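Right, one structure below, let's go through it.
Protein chains in written order, with the numbering used here: chain L, 6 to 248; chain H, 9 to 192.
Here's what the structure looks like:
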């Protein structure tokens with residue numbers, strides 16, 4: 006029994022876990038050879054360790070929840086942080102296109118400008134990513150969109166404006182939920198450089214979770230994934246503003 | 009194109025994370041013994057990992073880095089729920105009742121229940137080593153404690169578990185003992 010006292014349980018645990026260096030390991034093995042009580046102790050520890058691992062081995066994480074896809078959220082956050090910095094670097098915010106009083110910027114969560122687009126002032130391309138159904142914000146967005154479109158058409162600039170909707174933003178382009186259906190229709194009639202898009206994934210989610218088979222306003226295009234569309238547009242030099 | 013580089017890196021990390029989801033879930037489960045909380049903790053840790061993927065300097069240490077994030081999520085969760093008292097300091101009077109022991113009849117459930125009753129500090133160490141197979145150095149770094157402390161906590165945790173499981177065995181032996189009845 007003296008040997009057990011000189012060889013602490015901590016050392017025995019460390020031996021079991023393969024954490025001892027060579028001389029210590031050899032020493033423990035010598036002790037084990039000559040002491041059956043110690044061997045029994047090690048056996049129990051080893052069995053316990055196996056049982057602990059086994060107790061959780063069959064547990065599997067449930068299927069991912071539809072209402073909070075972490076990958077998508079994080080991907081948007083990562084992309085947003087990168088592009089927001091890109092926007093600041095480009096110095097476009099101070100460039101007078103949208104001044105600090107702009108309603109759009111006041112309600113924007115993220116603004117990103119591609120350097121390429123700032124160099125070519127004849128061709129403005131802007132995607133407004135709408136994820137809210139807040140009437141105040143939506144009204145602001147439509148006001149700003151209308152201002153932009155009319156101002157640029159007066160100046161003779163080429164401008165493309167896309168309203169990309171997903172999440173709660175889908176309400177803007179759904180018949181029955183949109184409070185701005187008439188206004189959108191009027192904008193679409195006046196400006197052919199305005200496009201409205203809805204995310205297919207968000208529509209699928211709506212159907213799966215709430216059983217709603219969404220009908221969209223006329224002229225609303227469905228894109229497979231809002232995220233992909235944003236990345237794609239960013240690559241093409243579109244300015245991105247998330248509402 | 010920084011957006012695309014970032015996107016690709018995120019995509020890569022996403023695949024790596026997906027393969028580690030169950031591992032994180034098991035660890036979280038060992039700490040809280042609750043499926044819903046474990047799921048939340050796992051989701052939260054993975055979201056944080058993606059959000060802060062730039063902080064991962066050495067891809068080889070992904071697992072250790074993830075463990076650190078999960079531990080932080082668990083501590084945050086604990087902090088948010090715990091007001092002024094540590095539940096580990098309490099031993100409920102009905103914990104050892106025969107009724108309770110009968111419910112915990114399955115060996116795996118017995119072990120999970122025994123682990124759930126360990127003090128927090130010991131529970132984290134023993135689960136990281138035995139369930140996750142983390143080295144003492146990794147555990148020490150993840151928890152921000154010296155290796156000596158890892159060793160002593162681990163040893164105490166295993167001893168406590170052995171004693172607890174031994175006690176349960178004896179109780180079960182009594183409960184399950186053949187019952188003789190005299191028939192007239």
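Here a beta-carbon is modelled for each residue, glycine too, at the ideal position from N, C-alpha and C.
It should be emphasised that the depicted structure is a prediction, and the values quoted were computed from it without experimental measurement.
(request) Please go through the same chain and pick out, in chain order, the residues whose beta-carbon is closer than 8 Å to the beta-carbon of residue 221/L, but skip the five residues on each side of it. (result) 178, 179, 180, 203 and 227
(request) Kindly list, in the order they appear in chain H, the residues whose Cβ is closer than 7 Å to that of residue 50/L. (result) 166
(message) Going by beta-carbon coordinates alone, are residue 128/H and residue 81/H separated by less than 8 Å?
(response) no
(request) To the nearest angstrom, report how far apart residue 52/L and residue 67/H are at their CA atoms. (result) 33 Å
(message) Using only the alpha-carbon positions, how far apart do residue 44/H and residue 66/L sit?
(response) 10 Å
(message) Starting from residue 32/L, trace the beta strand (DSSP E) in both directions and tell me its first and last residue.
(response) Counting along the chain, residue 32/L falls outside any beta strand (DSSP E), though it belongs to the alpha helix (DSSP H) covering 27-39.
(request) Compare the C-alpha of residue 153/H against each of 22/H, 132/H, 33/H and 85/H and name the closest. (result) 132/H
(request) Identify whether residue 61/L lies in helix, strand or coil by the three-state DSSP scheme. (result) helix
(message) Just to check my reading of the structure: residue 153/L and residue 211/L have Cβ atoms closer than 8 Å, yes? What is that Cβ distance to the nearest angstrom?
(response) The C-beta distance from residue 153/L to residue 211/L rounds to 29 Å, too long to meet the 8 Å contact threshold.
(message) Could you check whether the Cβ of residue 20/L sits closer than 8 Å to any Cβ belonging to chain H?
(response) no
(request) Count the other C-beta atoms from every protein chain shown that fall within 10 angstroms of the C-beta of residue 6/L, then say buried if there are 16 or more, exposed otherwise. (result) Note on residue 6/L: pLDDT 41, under 50, position unreliable in the model; the coordinate value appears next. So residue 6/L ends up on the exposed side.
(request) Rank 63/L, 219/L, 42/L and 151/L by C-alpha distance to the C-alpha of residue 191/L and give the top, closest one. (result) 151/L
(request) Report the residue ranges of all beta strand (DSSP E) runs contained in full by the segment 142-184 of chain L; include only those spanning at least 3 residues, in chain order. (result) For the segment 142-184 of chain L, whole beta strand (DSSP E) runs of length 3 or above, ordered along the chain, are 163-170.
(request) Using 10 angstroms around the beta-carbon of residue 120/H, count the other beta-carbons present and answer buried if the total reaches 16, otherwise exposed. (result) Buried, since its Cβ has 16 or more Cβ neighbours within 10 Å.
(request) Compute the Euclidean distance between the alpha carbons of residue 75/H and residue 165/L, then round it to the nearest angstrom. (result) 46 Å
(request) Quick one: list the residues of chain L neighbouring residue 119/H, beta-carbon separation under 9 Å, in chain order. (result) 53, 56, 57, 59, 60 and 61
(request) Would you verify that the beta carbon of residue 219/L is, or is not, closer than 8 Å to some beta carbon of chain H? (result) no
(request) Alpha carbon to alpha carbon, how far is residue 219/L from residue 188/L? Give it in angstroms, no decimals. (result) A direct Cα-to-Cα measurement between residue 188/L and residue 219/L gives close to 20 Å.
(request) Would you grab the beta carbon distance between residue 21/H and residue 61/H for me? Rounded to a whole angstrom, and I think it's under 8 Å. (result) 5 Å
(request) Output the distance between the C-alpha atoms of residue 32/L and residue 157/H, rounded to the nearest integer angstrom. (result) Straight-line spacing of the CA atoms in residue 32/L and residue 157/H works out to 23 Å.
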